[in-house]
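Numbering (this note's numbering), first residue to last: -14 to 282.
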């Protein structure tokens, strides 16, 4: 009697849930078979996991399945990184001679060599750096740099909000594009998830600028690219001034909103280090905009 009552209460609710997981299993089986068509053992292992453990298999795939083609995604990007890595490797080979002639490196040789060896971070010593820890000051300087642009603006950010600061940024980029300045922008798909991109960035594109979304998410919760995000915050103006740091573009970074004052760090750079920011932007651009590749020496 109790079993009958339990089933009458929960049975009808269980059926649509079971159907949902069944559909998810079928969709994931098809997806994995397609992605791993050149690796049948891996495809078969995942298909069996979905069949034998329909719920647990889905959860495991969401957390670990993205490695199935992560290497394949980044292999495309690696091709664009080869030139930059070669420069770094050449510098590493002559590092001991180089830092001995560079007074500014004194005391930091091991740190610089570590960064160069581990992450291809090229060492430069003829730079003028301004450090910002306040959002108002950082964005005032950033907007001034954008207004001064004569040839090109390269901007790459993880997050841009559809708020006062975000709209001000878009309006300024559109204004510079209308003046004939080459405006290229990269924004991460997850960082702009809630933005209607064509509408929000439309003014930049109509003015002649070019906006690209990094790793678009067509089906966010089933997309294994979800965690392959671009967290860079880079601006390069005319190849002479660069910005890099932790502030994204949104009112909360000005201390507005419920989170209170936002303390972060951002750098304004003039000097040879700007070339490294430029190369990094170009490599990301060439991945996001395969139909409009750039080249930098």
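Even glycine gets a Cβ: it sits at the ideal position worked out from N, Cα and C.
Integer-rounded CB distance, given that residue j should sit under 8 Å from residue i
i	j	result
residue 259	residue 225	6 Å
residue 168	residue 144	Residue 168 to residue 144, Cβ: 19 Å. No contact.
residue 150	residue 235	6 Å
residue 115	residue 252	7 Å
residue 108	residue 99	Contact flag wrong, Cβ pair sits at about 11 Å.
Sequence-distant residues of the same chain with beta carbon closer than 6 Å to residue i, five excluded per side
i	result
residue 249	231 and 232
residue 244	237
residue 195	169
residue 88	Any reading at residue 88 must be qualified, since the residue scores a pLDDT of 47, below 50, and its modelled position is unreliable; the value itself is stated next. Once the five neighbours on either side are set aside, residue 88 has no close Cβ partner at all.
residue 173	143, 199, 214 and 215
residue -13	Low confidence applies to residue -13: its pLDDT is 43, below 50, so where it sits in the model is not reliable enough to give any reading.
residue 130	222 and 226
Closer than 9 Å to chain D by CB, residue i
i	result
residue 153	Considering every chain present, this structure includes no chain D. It has just one protein chain.
Limits of the alpha helix (DSSP H) - the one that residue i falls within
i	result
residue 132	120 to 132
residue 276	No alpha helix (DSSP H) contains residue 276, which DSSP labels as neither H nor E.
residue 189	187 to 191
residue 30	25 to 37
residue 149	149 to 163
Nearest to residue i (by Cα), restricted to the options the options
i	options	result
residue 218	166, 254 and 142	142
residue 261	133, 9 and 221	221
residue 175	197, 125, 121 and 115	197
residue 156	193, 37 and 36	193
residue 134	13, 122, 165 and 110	165
residue 123	31, 158, 171 and 227	227
residue 186	136, 94, 158 and 137	158
residue 191	163, 201 and 171	163
residue 13	247, 31, 97 and 129	31
residue 106	274, 279, 264 and 269	264
residue 110	97, 120, 103 and 121	97
residue 247	4, 275 and 120	120
residue 17	0, 28 and 153	28
residue 229	8, 93 and 126	126
residue 171	103, 24 and 274	274
Spatial neighbours of residue i in its chain, beta-carbon cut-off 8 Å, leaving aside the 5 residues before and after
i	result
residue 179	147
residue 2	none
residue 6	39, 40 and 43
residue 113	254, 255 and 256
residue 10	35, 36, 39, 42 and 43
residue -9	With a pLDDT of 45 at residue -9, under the threshold of 50, the modelled position of this residue cannot be trusted; read the value that follows with caution. Closer than 8 Å at Cβ, skipping near neighbours: no residue.
residue 278	270 and 271
residue 239	120, 121, 124, 150 and 247
Residue span of the beta strand (DSSP E) that contains residue i, given as start and end
i	result
residue 220	219 to 222
residue 250	248 to 256
residue 139	137 to 142
residue 170	167 to 173
residue 197	195 to 199
residue 228	226 to 230
Contacting residues, own chain, Cβ-Cβ under 7 Å from residue i (five flanking each side not counted)
i	result
residue 266	139, 141, 219 and 221
residue 223	134, 135, 136 and 137
residue 161	131, 134, 138 and 168
residue 276	none
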